[in-house]
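Student: Those sequence lines, one after another, are chains A and B. In this text, residue positions in the first sequence follow my numbering: the first is 1, and each later residue adds one. In this text, residue positions in the second sequence follow my numbering: the first is 200, and each later residue adds one. The C-beta atom is built at its ideal place from N, Cα and C for all residues, glycine as well. As the structure is a prediction and not an experimental result, all values here were calculated from the model.
Number of protein chains: 2
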Amino acid sequence: MAIDRRVVRTRTALYDALVTLIRRRHYDAISVQDVLDEANVGRSTFYAHFKSKDELLERSLERLRALLEHTWQAALSEADDAEAIPYAYTRALFEHVAEFRDVQAGLSGTRGERIVTTALRDNLTRFLGSIAGGEPPRTVPRDLAIGFIAETFIAVITWWREKRPDLSPAEAESLFRQLVDKGVGLPGRPSSPACRGVQ
Amino acid sequence: MAIDRRVVRTRTALYDALVTLIRRRHYDAISVQDVLDEANVGRSTFYAHFKSKDELLERSLERLRALLEHTWQAALSEADDAEAIPYAYTRALFEHVAEFRDVQAGLSGTRGERIVTTALRDNLTRFLGSIAGGEPPRTVPRDLAIGFIAETFIAVITWWREKRPDLSPAEAESLFRQLVDKGVGLPGRPSSPACRGVQ
DNA sequence: CACGATACCGAACATGATGTTCGGAATTTA
DNA sequence: TAAATTCCGAACATCATGTTCGGTATCGTG
C-alpha cells in the first residue's frame, strides 16, 4: 500500500505555508496557528504529524537536502577532476543562495537558523566525506575543518545579504574561497606573506 | 546622587541567577519565573528593569565586555609589538574560555548564543579597529574579515567543547590561529601548497 | 463499486508563560 | 527624619501550546 495522498498533501501544505510565512515575517514571530491558517490545516492534524514548529522546519529541510544533493551531482559531472568537485559545488551553491535571501533574513538570529546551519553542515560532511580519497593528513582535524567551512559559508552569505547585497554570486564566492583557502590573518599582522591575496 | 543601591542589588541578583540557571539547564528551558525564584526578586520588579529574558542576557553581557576589555589591555602591555597584540589577545581568550564551558553548553543552539556571539563580534570589531594603523589594503573587506574571525572562534570553541574537550587551551588556540591565518582549503584539493600546515 | 481503514476537522479544554496593574511596605538618599 | 524611590506580591488579562474526541470526508483495496 502506497503512502496516503492526504498525508503528503497535508505535509507539503504545511511546508509551503511555513516558508511563505518566513518570507513575510521573522521566524520567531510565527505561531503554529499562523501556519495552520496559511495552510488550511486543522490544529489536531498538525500535531498528528509534527510535535512543534521547529520539527516542521527540520523535516521540511529534506527539500534543502534534495537541492544540495542535486547541486552536488551536477558538480560531480561538471568538474574536470575529483579535486575540482568541491569548488564547482560551492560555486553553484552561491548561484542558488541568492534566491533564498528573504528566507535567510526571516531566519536570522533564531533557532531556525541553527537548524538550517546544522543541516547544511551535515550535508557538507556527507558530500566531502564521499570523495576523501588518498588525501594527505592535515593538521586540522577533519570534522573541525568541515565545521569551519560551513560556518565560513554562513558568515559570507550573511555578510553578503546584510552589507553588500550588490555583489554578484561570483564575487561573493571568490571571497568565500579566499577565506577558506587562505584565511585572512588577524588585523595588524599579515598572515604568512606567501598566502596574502593578490593586490 | 549615586545609583540607588537597591537597583544594583536587584540587577546583579538577576544576572547571577540567570548565569546560574544556564549552567544548570538549557537557556530555552528557563522561564522568567525561574530566574525570579532563583534571584528572589518580585515579578513586577523584573519587568521594571528588563522587558524580557533576552534583554536580561544582553545587558548582563556588559560583564563579558569588561572581561574582554581587561584581557585586551593585558595583551596590549604584554605584546612586544603592535602586530602581536591580537595573538596575545586570542591566546589569553582561549585560556579563559574553558571556564565557561557549561555556560556555552547551556546556550548552544538558542537565541542566547546569537546574542553572545554578536557581543563578541562587536568587541572584536572595536578592539581590532583600534589598532588598524597603516595596514596594507586587503582583498577581503574588513567587516567580513572580522565576522569571519568571530565565527571561526565560535566554531573552534564549540568543536573543542563538544568533540575534543581533552585538548589544552594552547592546542585549541593553535588550531584557531591556523584556520584564521591559512584557512584549510576544501577537502580533495590542497589549498595553495605554500600554505599547508607542516606535516 | 463498496467497504473498511485512515486521516482530517473543529471545538473544547487544560496548562503554563508572559506582561501589567496597584496599593502598601521597606529601603535609600539627602 | 522626611521625602522619594524601589520593591513586593497578588491578582488579572492575554496568548500560545498541546491534547482529546466524536463526527465527517477521503483514501486504498478487494
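Suppose the cutoff is 7 angstroms on Cβ atoms and the five residues either side in sequence are ignored; what does the same chain contact list for residue 217 of chain B look like?
Tutor: Translated into positions along the second sequence, residue 217 of chain B becomes position 18. Closer than 7 angstroms at Cβ, skipping near neighbours: 234, 255, 256 and 259.
Student: If you check the beta carbons only, do residue 249 of chain B and residue 152 of chain A fall under 8 angstroms apart?
Tutor: The residue given as residue 249 of chain B occupies position 50 in the second sequence. The residue given as residue 152 of chain A occupies position 152 in the first sequence. Against a cut-off of 8 angstroms, the Cβ pair of residue 152 of chain A and residue 249 of chain B comes out as no contact.
Student: Relative to the alpha-carbon of residue 291 of chain B, which residue among B:275, B:214, B:300 and B:213 has its alpha-carbon at the smallest distance?
Tutor: Taking the second sequence and counting its residues from 1, the one referred to as residue 291 of chain B is at position 92. Among B:275, B:214, B:300 and B:213, the Cα nearest to that of residue 291 of chain B belongs to B:275.
Student: Report buried or exposed for residue 354 of chain B, applying the criterion of at least 16 other Cβ atoms within 10 angstroms of its Cβ.
Tutor: Taking the first residue of the second sequence as 1, we reach residue 354 of chain B at position 155. Label assigned to residue 354 of chain B: buried.
Student: Measure the beta-carbon distance from residue 213 of chain B to residue 238 of chain B and round it to whole angstroms, keeping in mind my assumption that it falls under 8 angstroms.
Tutor: Looking up residue 213 of chain B in the second sequence gives position 14. Looking up residue 238 of chain B in the second sequence gives position 39. About 5 angstroms; that satisfies the 8 angstroms criterion.
Student: Considering residue 85 of chain A, what are the terminal residues of the alpha helix (DSSP H) in which it resides?
Tutor: Counting from one through the first sequence, the residue named residue 85 of chain A turns up at place 85. Where residue 85 of chain A is concerned, the enclosing alpha helix (DSSP H) stretches over 85-97.
Student: Given residue 134 of chain A, which residues of its chain have a CB within under 7 angstroms of its CB, disregarding the five upstream and five downstream residues?
Tutor: Indexing the first sequence from 1 puts residue 134 of chain A at position 134. The predicted position of residue 134 of chain A is uncertain, since its pLDDT is 49 and thus under 50; a value taken from the coordinates is nonetheless stated next. Nothing meets the Cβ criterion.
Student: Using only alpha-carbon positions, find the residue among A:174, A:45 and A:23 that is nearest to residue 10 of chain A.
Tutor: As a first step, residue 10 of chain A is located in the first sequence; it is residue number 10 there, counting from the start. Looking at the Cα atoms, A:45 is the closest of the given residues.
Student: Can you tell which of B:338, B:330 and B:307 has the C-alpha that lies nearest to the C-alpha of residue 171 of chain A?
Tutor: The sequence position of residue 171 of chain A within the first sequence is 171, counting from 1. Minimum Cα distance to residue 171 of chain A is reached at B:338.
Student: Using three-state DSSP, classify residue 330 of chain B as helix, strand or coil.
Tutor: Stepping through the second sequence from its first residue, residue 330 of chain B is reached at position 131. Looking at residue 330 of chain B - three-state DSSP - the assignment turns out to be coil, as it is neither helix nor strand.
Student: Using 10 angstroms around the beta-carbon of residue 289 of chain B, count the other beta-carbons present and answer buried if the total reaches 16, otherwise exposed.
Tutor: Sequence index remark: in the second sequence, residue 289 of chain B carries index 90 (1-based). Classification of residue 289 of chain B: buried, given that the 10 Å Cβ count is 16 or more.
Student: Hey, residue 26 of chain A and residue 106 of chain A are a contact pair by Cβ (cut 8 angstroms); roughly how many whole angstroms apart?
Tutor: Translated into positions along the first sequence, residue 26 of chain A becomes position 26. Translated into positions along the first sequence, residue 106 of chain A becomes position 106. Confirmed, Cβ separation roughly 6 angstroms.
Student: When you compare only the Cα positions, how much space is there between residue 103 of chain A and residue 23 of chain A?
Tutor: By 1-based counting over the first sequence, the position of residue 103 of chain A is 103. By 1-based counting over the first sequence, the position of residue 23 of chain A is 23. Rounded to whole angstroms, residue 103 of chain A to residue 23 of chain A spans 5 angstroms at the Cα level.
Student: Which same chain residues, not among the five before or five after residue 356 of chain B, have their C-beta less than 6 angstroms away from its C-beta?
Tutor: Stepping through the second sequence from its first residue, residue 356 of chain B is reached at position 157. Counting only Cβ-Cβ distances below 6 angstroms, and skipping sequence neighbours, we find 296.
Student: Under the assumption that residue 372 of chain B contacts residue 299 of chain B (Cβ atoms under 8 angstroms), give the Cβ distance between them as a whole number of angstroms.
Tutor: By 1-based counting over the second sequence, the position of residue 372 of chain B is 173. By 1-based counting over the second sequence, the position of residue 299 of chain B is 100. With 8 angstroms as the limit, residue 372 of chain B and residue 299 of chain B do not qualify as a contact, their Cβ atoms being about 15 angstroms apart.
Student: Determine the closest residue to residue 342 of chain B out of A:164, A:123, A:131 and A:126, with distance taken between C-alpha atoms.
Tutor: Start at 1 with the first residue of the second sequence, and residue 342 of chain B comes out as number 143. Looking at the Cα atoms, A:164 is the closest of the given residues.
Student: Could you confirm whether any beta carbon from chain B is found closer than 8 angstroms to the beta carbon of residue 183 of chain A?
Tutor: The count along the first sequence starts at 1 and reaches residue 183 of chain A at position 183. For residue 183 of chain A, the answer is yes, since a Cβ of chain B falls inside 8 angstroms of its Cβ.
Student: Measure the C-alpha to C-alpha separation of residue 324 of chain B and residue 330 of chain B and round it to an integer number of angstroms.
Tutor: The residue labelled residue 324 of chain B in the question sits at position 125 within the second sequence. The residue labelled residue 330 of chain B in the question sits at position 131 within the second sequence. Cα to Cα, the separation comes out at about 10 angstroms.
Student: So residue 241 of chain B is in the alpha helix (DSSP H); what residue range does that whole segment cover?
Tutor: As a working note, residue 241 of chain B is residue 42 in the second sequence. It is not in any alpha helix (DSSP H) - residue 241 of chain B carries neither H nor E in the DSSP assignment.
Student: With DSSP run on the structure shown, which of helix, strand or coil describes residue 81 of chain A?
Tutor: Your numbering for residue 81 of chain A matches position 81 in the first sequence. Here residue 81 of chain A sits in coil by DSSP.
Student: Residue 278 of chain B and residue 287 of chain B look like a contact to me (Cβ under 8 angstroms); what is the Cβ gap, rounded to whole Å?
Tutor: In the second sequence, counting from the first residue as 1, residue 278 of chain B sits at position 79. In the second sequence, counting from the first residue as 1, residue 287 of chain B sits at position 88. With a Cβ gap of about 5 angstroms, residue 278 of chain B and residue 287 of chain B count as contacting.
Student: Could you pull out every unbroken alpha helix (DSSP H) segment of at least 4 residues lying fully inside the region 336-390 of chain B, listed in chain order?
Tutor: You should have 341-362 and 368-381.
Student: Helix, strand or coil, according to DSSP, for residue 309 of chain B in the structure here?
Tutor: The sequence position of residue 309 of chain B within the second sequence is 110, counting from 1. Of the three classes helix, strand and coil, the one that applies to residue 309 of chain B here is coil, per DSSP.
Student: Does the beta carbon of residue 178 of chain A sit closer than 8 angstroms to a beta carbon anywhere in chain B?
Tutor: Taking the first residue of the first sequence as position 1, residue 178 of chain A is located at position 178. Residue 178 of chain A counts as touching chain B.
Student: Alpha carbon to alpha carbon, what distance is there between residue 344 of chain B and residue 176 of chain A?
Tutor: For this step, residue 176 of chain A is matched to residue 176 along the first sequence. For this step, residue 344 of chain B is matched to residue 145 along the second sequence. Taking the straight line joining both Cα atoms gives about 11 angstroms.
Student: Determine whether the Cβ of residue 102 of chain A lies closer than 8 angstroms to any Cβ atom of chain B.
Tutor: Here residue 102 of chain A corresponds to residue number 102 of the first sequence, with the count starting at 1. No, no contact with chain B.
Student: Within 10 angstroms of its Cβ, does residue 62 of chain A collect 16 or more other Cβ (buried), or is it exposed?
Tutor: Translated into positions along the first sequence, residue 62 of chain A becomes position 62. Result: exposed.
Student: Taking 8 angstroms as the CB-CB cut-off, is residue 271 of chain B touching chain A?
Tutor: Within the second sequence, numbered from 1, the residue matching residue 271 of chain B stands at position 72. Chain A, which has no Cβ nearer than 8 angstroms to the Cβ of residue 271 of chain B, makes this no.
Student: Taking Cβ-Cβ distances below 9 angstroms as the criterion, which residues of the region 138-169 of chain A are in contact with chain B?
Tutor: For the region 138-169 of chain A, which is checked against every Cβ of chain B, the residues closer than 9 angstroms are 138, 139, 140, 141, 142, 143, 144, 145, 146, 147, 148, 149, 150, 151, 152, 154, 155, 156, 158, 159, 160, 163 and 164.
Student: Quick one: Cα of residue 185 of chain A to Cα of residue 308 of chain B, how far?
Tutor: In the first sequence, counting from the first residue as 1, residue 185 of chain A sits at position 185. In the second sequence, counting from the first residue as 1, residue 308 of chain B sits at position 109. Computed Cα separation, rounded: 28 angstroms.
Student: Quick test of your reading: residue 263 of chain B and residue 183 of chain A, contact by CB under 8 angstroms. State the CB separation rounded to the nearest angstrom.
Tutor: The sequence position of residue 263 of chain B within the second sequence is 64, counting from 1. The sequence position of residue 183 of chain A within the first sequence is 183, counting from 1. About 26 angstroms separates the two Cβ atoms, so there is no contact after all.
Student: Measuring straight from C-alpha to C-alpha, what distance separates residue 161 of chain A and residue 359 of chain B?
Tutor: One-based indexing of the first sequence puts residue 161 of chain A at position 161. One-based indexing of the second sequence puts residue 359 of chain B at position 160. Straight-line Cα distance between these residues: approximately 29 angstroms.
Student: Since residue 286 of chain B meets chain A, which of its residues come closer than 7 angstroms, beta carbon to beta carbon?
Tutor: Counting from 1 along the second sequence, the entry for residue 286 of chain B is found at position 87. What residue 286 of chain B touches in chain A: 186.
Student: Give every residue of the same chain whose Cβ lies closer than 8 angstroms to the Cβ of residue 71 of chain A, excluding the five residues on either side of it in the sequence, and list them in chain order.
Tutor: Translated into the one-based positions of the first sequence, residue 71 of chain A becomes position 71. For residue 71 of chain A, where only same-chain residues beyond five positions count, the Cβ hits under 8 angstroms are 89, 92, 93 and 96.
Student: Note down, in chain order, each residue of its chain lying with its Cβ closer than 7 angstroms to the Cβ of residue 312 of chain B, except the 5 sequence neighbours on either side.
Tutor: Translated into positions along the second sequence, residue 312 of chain B becomes position 113. Cβ neighbours of residue 312 of chain B beyond the five flanking positions: 306.
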